[in-house]
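Count the sequence shown with numbering that gives the first Met the number 0 and you get residues 0 to 172, in order.
Here a beta-carbon is modelled for each residue, glycine too, at the ideal position from N, C-alpha and C.
Only one structure is covered here, and it is reproduced in the block below.
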Amino acid sequence: MRLLKTATHPEASPDDGNTLHRRACRAIILEGEEILLLYTRRYDDYTLPGGGVDEGEALEDALIRELQEETGAHNIRDIIPFGRYEEFRPWYRDGHDVMHMDSYCYHCQIDAELGPNRLEPHELQNGMTPVWINIHAALAHNEHTWAHSEKKGLSLQREIYLLRRIRDELLQA
Numbered sequence: 000m001r002l003l004k005t006a007t008h009p010e011a012s013p014d015d016g017n018t019l020h021r022r023a024c025r026a027i028i029l030e031g032e033e034i035l036l037l038y039t040r041r042y043d044d045y046t047l048p049g050g051g052v053d054e055g056e057a058l059e060d061a062l063i064r065e066l067q068e069e070t071g072a073h074n075i076r077d078i079i080p081f082g083r084y085e086e087f088r089p090w091y092r093d094g095h096d097v098m099h100m101d102s103y104c105y106h107c108q109i110d111a112e113l114g115p116n117r118l119e120p121h122e123l124q125n126g127m128t129p130v131w132i133n134i135h136a137a138l139a140h141n142e143h144t145w146a147h148s149e150k151k152g153l154s155l156q157r158e159i160y161l162l163r164r165i166r167d168e169l170l171q172a
């Protein structure tokens, strides 16, 4: 899968030998200029649905599982690789100082109607909700949160970058 970007947080070094490697899959689902995202009240941001790949799990299987869990999507189909976003950021758990995250992004289709989701306790506590939103509005919102909010999460830069690439590449198609 093509590498879209490598981002390194100022407090993380890719050369640190004490690095946790994590793989995640993220879904890009568009209907015209509407995109299916997750709004998180705690961070006041919009993110692509998706999450961690379990040990031994194929990337596309992880994508389908995460989409079903987080959004209630069904009949997930026409899965096409979009690109990989690589990041190095601080990590203060499990005896590691740095997390190396590879986010594998896929463009796909789903049935229009979402079913019930199955969010994890921390996702519920953070106020995560699946929403269809205009991609330009979501991007403007995330950029405003980045510029003005004290509660922004470390993933916000990734989400802004990915929404810009999606807008520039997939809305023009």
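Helix, strand or coil at D44 [DSSP, three-state]: Note: D44 maps to strand in three-state DSSP.
Stretch pair the stretch 5-19 + the stretch 86-99: three plus CB contacts closer than 8 Å: With the cut-off at 8 Å, the stretch 5-19 and the stretch 86-99 touch.
R76 to G51 span [Cα, whole Å]: If you draw a straight line from the Cα of R76 to the Cα of G51, it comes to about 20 Å.
Cα-Cα separation, A57 to L138: When rounded, the distance between both Cα atoms is 30 Å.
First through last residue of the alpha helix (DSSP H) which encompasses D60: Bounds of the alpha helix (DSSP H) holding D60 are L58 to T70.
Supposed close pair I134, I34 - CB separation, criterion 8 Å: So it is a contact: roughly 5 Å between Cβ atoms.
Three-state secondary structure (DSSP) of W90: Three-state DSSP puts W90 in coil, outside helix and strand.
Cβ pair V251, T18 closer than 8 Å: The structure shown does not extend to residue 251, since the chain spans only 0 to 172, so no value can be given for it.
Same chain, Cβ closer than 8 Å to R157, five either side skipped, listed in chain order: If the five residues before and after R157 are omitted, its C-beta is found closer than 8 Å to the C-beta atoms of A6, Y84, E86 and S102, all from its own chain and listed in chain order.
Boundaries (first-last residue) of the beta strand (DSSP E) holding L118: Run containing L118: none; DSSP gives neither H nor E here.
Distance CB(E68)-CB(C24) smaller than 8 Å: No, these two residues do not count as a Cβ contact at 8 Å.
Where E32 sits in the DSSP three-state scheme: Note: E32 maps to coil in three-state DSSP.
Close Cβ partners of D43 (< 7 Å) along its chain, the five nearest in sequence each way excluded: Around D43: T144, S148 and K150.
Under 8 Å between C-beta atoms of I109 and N74: Taking 8 Å as the Cβ cut-off, I109 and N74 qualify as a contacting pair.
Cβ shell of A26 (< 7 Å), same chain only, five flanking positions each side left out: Counting only Cβ-Cβ distances below 7 Å, and skipping sequence neighbours, we find L47, P48, G49, L62, L66, Y105 and C107.
Residue closest to A72, alpha-carbon to alpha-carbon, out of A111, P80 and R21: Measuring from the Cα of A72, the nearest candidate turns out to be A111.
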